[in-house]
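Working notes for the structure below.
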Amino acid sequence: MSDSINKNCRALTVDFVLRDDDPEMAAVEDDIRRDLLKLNIQVNTRMLNASDYGDAERNGDFNLLFTRTWGAPYDPHTYLNSWAIPAHVEYAASAQMHPPLTRDDFLAKVKNVQRESDPSKLQQQWTEILNDIHQQAIFLPLWGTRIPYVVSRRLTDFTPSPQAFSYPLESVRIVEGSANVTIAPGAGGSLFESVGPMNPHQYFPNQLFAQAWLYEGLVAYGQDGEILPALATQWSTEEIEGGGQRVTFVLRDNVTFHDGAAWNCAAAKLNFDHVLSDSVRERHGYMGLTAILKSWSCTDAGEFVLETSEPFYPLLQELTYIRPLTFASPNAFAQGLDSHPDQHNSCNPGDFGSSWTHLEEEVTCAGLKYPAGTGPFKYVSRVTNDDGKDTQVVFARHDTYWGTVPGIENLIIQAYDSTEDVEAALLDGTLDMALGVGPLTAKQVQALKFSHSDVLDVRHSDVLQHALVVMNTGKSPTDEIAVRRAITHGIDKNTFIQNEFAGLEQPVAQLLPFTAPYCNVDLSPKWSYDFEKAQLINCPVESDNSLSSGAIAGIAIGGLAFVALLIFVVRLVQAEKQGKPVFAPSTKGESNM
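The opening residue of the sequence shown carries number 1 in the UniProt record's numbering; numbering runs sequentially from there.
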């Protein structure tokens, strides 16, 4: 395909917003810009820091924005439920859906499906929901993300996580050398900078992988979406008056927090009190559970009981999330078990996010005195430089862990300035693991896999997330569905994915991975590259001085028809002169010619 600009296309300008610290975004931006320029669509790219990028998301200050789905275990229910939150990019992007569908109608469908319990009806409703959003052409699916892991062969038994943003290391065993293991973790798709306060009840700047090492919930998310016992060993569900549900959890015995405090129902209730206090519950509104959970309490037998106002099929799945319904030691709360959820809340001051600063008018955030959970690793120390970034963070194994005690004695996060530094450290043996998206480029991962497999084991997860371009229906020109469709068909993602990611990622044509529950459905049309179709949409008018391929074809066909007619007339005249009328009826045994 020629790189020339088709001047017959509508001249459009779109605003493309990306994170300045995401190498995947940077890798594909110029390809997207070049492809759209062929359609006479100018791309104004803005590379923003995390804070400004978040503001652009919330304010709808974009036409195109690079993002990713949330992946397992959040898709599809929690991810789509989050679109009702004004702070999330999908809320702004879906402001002006193509009629007859409206954002409110769509969100009502998402809410209603979560009340269903019949599997066949669930599939039917989710198929309708996924088709609805597919037809809107709000999302340009790019590729399915497989999380890379590069591990020194002095270690064994590493298993990729079944969910995004988690690096489980408790199963790793030492083949040779020190039991101290140094890692470079990906953090939000970029190089590691800080683990944050390591508060299990809050979000950024807390890093999910560190929260997952330290803290646990009642249940855990296993392979293929299996719900596994964690701090609860069993549970039962029953219907209650008013149409809600009661879920009773039997808590695991003989579990201690990292600081020696006992795990029991009082500790469970304290954590729920602080996360779900009326003063802060809004912050967790992306979870459907927070809207319908009406009480949590302890029985005389020490069981933990949840009651909901209505049925909610993903209840257990939302309890597997790394945050916020995981448990910190009661001793770490400002006033211990007596910590009031409004006067001494576990939240860190200023960490609600810019869209929720108003919450601190109703609550006093006291934070936690130190990070302490029940997980397989416990926090030891950190070294922080002058700009607040962590250069090194140390965790130690939890020797009295209730599950399998880790083989790693000390887990050391080491910060690096570049992906080249990470690669060099892996090769010289000072770094044992590079985990996730960010520490290495896709091309570096492939090079290590093929050139250094004797010392490094390179693995990938299944597809957990989809990389996307979100198109804003609330801002011109992407408020027109025709423009969104032209952009979708005008981007040659197959080519740049192959070029930029060395074959590690594969193009996708739908919003969510087929592996997500209820998402293995066939949707049409396919949102794939089709430049001719993109031209038909955005280049409807031909100039006076040029001819399209269609016009040229029409002229050629017309010319052939004229020649055929001329030949016919000549033969007709000749036949008439010879006394053989062409249209005279034939007699038996004679031909017309």
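Backbone N, C-alpha and C define an ideal beta-carbon position, used for all residues, glycine too. None of these values were measured; they are calculated from a predicted model.
**Request:** Have a look at T391 and A467 and give me their C-alpha separation to the nearest angstrom.
**Result:** In this model, T391 and A467 are separated by some 29 Å (Cα to Cα).
**Message:** Suppose you measure from the CA of V151 to the CA of V172; what does that come to, to the nearest Å?
**Reply:** 10 Å
**Message:** Quick check on this structure: which residue in F165, E170, S166, A164 has the alpha carbon closest to the alpha carbon of F158?
**Reply:** Closest by C-alpha distance to F158, out of F165, E170, S166, A164, is E170.
**Asked** Start and end of the beta strand (DSSP E) containing C298?
**Response** Taken as a continuous stretch (DSSP letters only), the beta strand (DSSP E) holding C298 covers 293-298.
**Prompt:** From S117, N49, T13, F62, pick the residue whose C-alpha is nearest to that of L39; which is it?
**Reply:** T13
**Request:** Starting from the N-terminal side, write out each stretch of the alpha helix (DSSP H) that is 4 residues or longer and does not extend beyond the region 238-277.
**Result:** 265-275
**Request:** Indicate the three-state DSSP secondary structure (helix, strand or coil) for Y91 in the structure shown.
**Result:** helix
**Asked** Could you check where the beta strand (DSSP E) with K378 kicks off and where it finishes?
**Response** Unbroken beta strand (DSSP E) run through K378: 377-384.
**Message:** Quick check on H284: buried or exposed, where buried means 16 or more other Cβ atoms within 10 Å of its Cβ?
**Reply:** buried
**Request:** Spatial neighbours of W235 within its chain, please: CB distance less than 8 Å, with the 5 preceding and 5 following residues excluded, ordered by chain position.
**Result:** L218, V219, V247, T248, F249, V250, L316
**Asked** Taking one C-beta from the region 500-511 and one from the region 522-541 each time, how about it: are there three or more such pairs within less than 8 Å?
**Response** yes
**Message:** Quick check on F514: does DSSP put it in helix, strand or coil?
**Reply:** coil
**Request:** May I have the straight-line CA-CA distance separating T78 from N8, to the nearest angstrom?
**Result:** Going by the C-alpha atoms only, they are around 43 Å apart.
**Request:** Would you list the one or two residues that DSSP bridges to A467?
**Result:** Answer by DSSP bridge pairing, in chain order: R68, W143.
**Item:** Assigned secondary structure, L208 (DSSP; H/G/I helix, E/B strand, else coil)
**Value:** helix
**Message:** Below 8 Å on the Cβ atoms is my contact criterion, and I expect N254 with W402 to pass it. Report the Cβ-Cβ distance as a whole number of Å.
**Reply:** 7 Å
**M47 - partner residues in DSSP beta bridges** = Listed as beta-bridge partners of M47 by DSSP are L18.
**Secondary structure of T13, DSSP reduced to three states** = strand
**Alpha carbon of E176 to alpha carbon of D432, nearest angstrom** = 12 Å
**Request:** For the alpha helix (DSSP H) holding T488, just list the boundary residues, first then last.
**Result:** 481-490
**Prompt:** Contact check, S295 vs E303 under 8 Å by CB: the rounded distance?
**Reply:** Distance from S295 to E303 at the Cβ level is roughly 14 Å; contact not present, criterion being Cβ atoms closer than 8 Å.
**For Y149: DSSP bridge partner residues** = L435, R459
**Prompt:** Pick from M471, I408, H398, K533: whose alpha carbon is nearest that of G60?
**Reply:** M471
**Message:** Could you compute how far the alpha carbon of P141 sits from the alpha carbon of L511?
**Reply:** C-alpha separation (whole angstroms): 6 Å.
**Message:** Please report the straight-line C-alpha distance between P86 and V110, rounded to a whole angstrom.
**Reply:** 16 Å
**Prompt:** Is the Cβ-Cβ distance between Y215 and P205 less than 8 Å?
**Reply:** no
**6 Å Cβ shell around D21 - same chain, five flanking residues per side excluded** = S190
**Request:** Specify whether the region 29-44 and the region 443-462 touch according to this definition: at least 3 beta carbon pairs, one from each stretch, less than 8 Å apart.
**Result:** no
**Prompt:** Alpha carbon to alpha carbon, how far is G51 from W126?
**Reply:** Note on identity: in this sequence residue 51 is Ser, with Gly being the wrong assignment. Straight-line Cα distance between these residues: approximately 34 Å.
**Asked** Alpha carbon to alpha carbon, what distance is there between L427 and G288?
**Response** Rounded to the nearest whole angstrom, the CA to CA distance from G288 to L427 is 46 Å.
**Request:** Assign Y221 to one of three DSSP states: helix, strand, or coil.
**Result:** strand
**Request:** Measure the Cβ-Cβ separation of L440 and P148 and say whether it is below 8 Å.
**Result:** Yes, they are a contact pair.
**Item:** Neighbour-count burial assignment, D492, 16 or more Cβ in a 10 Å radius
**Value:** buried
**Request:** Within its chain, find whatever has a CB closer than 6 Å to the CB of Y370; leave out the 5 residues flanking it on each side and keep chain order.
**Result:** A332
**Message:** Is it the case that the region 341-355 contacts the region 227-244, given that we only count it when at least three CB pairs across the two stretches are under 8 Å?
**Reply:** With contact defined as three or more Cβ pairs closer than 8 Å, the region 227-244 and the region 341-355 are not in contact.
**Asked** If we cut at 8 Å on Cβ distances, does S451 have a partner in chain D?
**Response** Annotation note: the requested chain D is absent from the structure, which comprises a single protein chain.
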